[in-house]
Amino acid sequence: MDEIKIWNHIIDWGIAQNSNLESDPEDWSQEDFLTLKTSLKNCLPHIRYFQISGNDIIDKVYPYQQILDKNLWKDILKRVIDSNRPISSIILPLRAISDPSKILPPRGDSDPLPPHGDSDSNQTLPPNLISTPTGSIEPFSAIINQEHVAEIASWIDDVELPYSTMNIPYEFKLLLRGSRDGFAPTSFWNLCNKRINVLIVMKVDSTNEILGDCDDCFIFSLKNNEAQESILSRALTPERVIYCNSGYGPSFSSGLYMGRSGYDLNQPDRCC
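In the UniProt record's numbering, the protein residues as written are 1 to 272.
Listed below in structure tokens is the structure:
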């Protein structure tokens, strides 16, 4: 269900709980808005406001803006104006995707899964959260933010108009985090072997470069404080991209690979 439909249902439910409220909020007093806010106090924190389109924000959410926290409403307006503008409000994780067309097309025989491999350590965690294989909730990456995810999703679909952070069509699930699961090649093989639709992201300690590969279709370098622009390199011969050797970590031909068995992949000279 679209997030705006959830918002509409919640508003309708809240009004139905208070027979004194008129159907048109234009006729409401401050006390009326406070009444609705009180009725919905357990519902409002669970709305994904930043996944609602700008038009729906203006048409559907704006009339009830007085029931929202002032700082949250300011952040919502900031994102309507500029989807990449920094905000202080927490961005809730994407809701589970039930439409199979939104899952990356499979390349093999294993079960489809859009995971996210993460091999960084001791980085500042962003507010974006996902569910882990164990069912717990934690930041989806210590390396990339929502703007990076929107850019990668745009590369996946090869769209002419890049996605914004409010309309990312994929859900990412964390399979491996180096600081949690270890940096040895065996960690990668134990947790990621025979998985499909895999996004690998790594950060080079000595240069702060953010590198990665997505589903063996392309490798990339993401913009950050050190790099002004992202770089995308698509595979010309996808069938020859992967170097499959259990003695190595993720290896994508000669373009990007991580060191051999017996080495700690957290060492600066083990990523090429």
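Where is the CB? At the ideal position from N, CA and C, for every residue including glycine.
Assuming the contact rule is C-beta atoms closer than 8 Å, residue i and residue j should be a hit. Round their C-beta distance to whole Å, please.
{"i": "Leu72", "j": "Ser89", "result": "5 Å"}
{"i": "Leu77", "j": "His148", "result": "23 Å between Cβ atoms; not a contact."}
{"i": "Leu199", "j": "Cys214", "result": "5 Å"}
{"i": "Ile144", "j": "Val201", "result": "6 Å"}
{"i": "Ile47", "j": "Ile6", "result": "7 Å"}
{"i": "Ile210", "j": "Asn225", "result": "Between Asn225 and Ile210 the Cβ distance is about 10 Å, and since that is not below 8 Å, they are no contact."}
Compare the C-alpha of residue i against each of the options and name the closest.
{"i": "Ile91", "options": "Tyr64, Thr38, Gln146", "result": "Gln146"}
{"i": "residue 313", "options": "Val61, His9, Ile152", "result": "What is shown of the chain runs 1 to 272, which leaves residue 313 out entirely."}
{"i": "Ser19", "options": "Ile143, Ser39, Gly212", "result": "Ser39"}
{"i": "Lys37", "options": "Ser23, Asp56, Ile15, Asp27", "result": "Ile15"}
{"i": "Pro93", "options": "Asn225, Trp155, Trp13, Phe172", "result": "Phe172"}
{"i": "Ile156", "options": "Asn55, Pro86, Ile6, Ile219", "result": "Ile219"}
{"i": "Leu191", "options": "Leu175, Asp2, Glu160", "result": "Leu175"}
{"i": "Asp2", "options": "Leu34, Ile57, Leu236", "result": "Ile57"}
{"i": "Ile4", "options": "Trp28, Thr35, Leu44, Ser23", "result": "Leu44"}
{"i": "Trp13", "options": "Trp189, Lys74, Thr35", "result": "Thr35"}
Can you name, in chain order, every residue of its own chain whose Cβ lies under 7 Å from the Cβ of residue i, other than the five neighbours on each side?
{"i": "Pro25", "result": "Pro63, Tyr64"}
{"i": "Asp32", "result": "Leu21"}
{"i": "Arg85", "result": "Lys78, Arg79"}
{"i": "Ser230", "result": "Glu151, Phe220, Ser221, Leu222, Lys223"}
How many Å lie between residue i and residue j at the Cα?
{"i": "Ala184", "j": "Ile67", "result": "50 Å"}
{"i": "Ser206", "j": "Asp158", "result": "31 Å"}
{"i": "Arg177", "j": "Ser187", "result": "9 Å"}
{"i": "Lys41", "j": "Ile11", "result": "12 Å"}
{"i": "Gly108", "j": "Asn193", "result": "Bear in mind that the predicted position of Gly108 carries a pLDDT of just 40, short of 50, making it unreliable; the figure below should be weighed with that in mind. One C-alpha to the other measures close to 12 Å."}
{"i": "Gly182", "j": "Ile196", "result": "21 Å"}
{"i": "Gln17", "j": "Asp69", "result": "21 Å"}
{"i": "Ala227", "j": "Ala235", "result": "22 Å"}
{"i": "Met170", "j": "Trp28", "result": "The identity of residue 170 in the sequence shown is Tyr, whereas the question assumes Met. Taking the straight line joining both Cα atoms gives about 39 Å."}
Give me, in chain order, the residues of the same chain whose beta-carbon lies closer than 8 Å to that of residue i; leave out the 5 immediate sequence neighbours on both sides.
{"i": "Asn8", "result": "Lys60"}
{"i": "Pro162", "result": "Ala150, Glu151, Ser154"}
If I measure Cβ to Cβ from residue i and keep anything under 6 Å in the same chain, skipping five residues before and after, which residues do I get?
{"i": "Gly212", "result": "Ile200, Val201, Phe220"}
Does the region 161-169 come within contact of the region 38-54, defined as at least 3 CB pairs closer than 8 Å? yes
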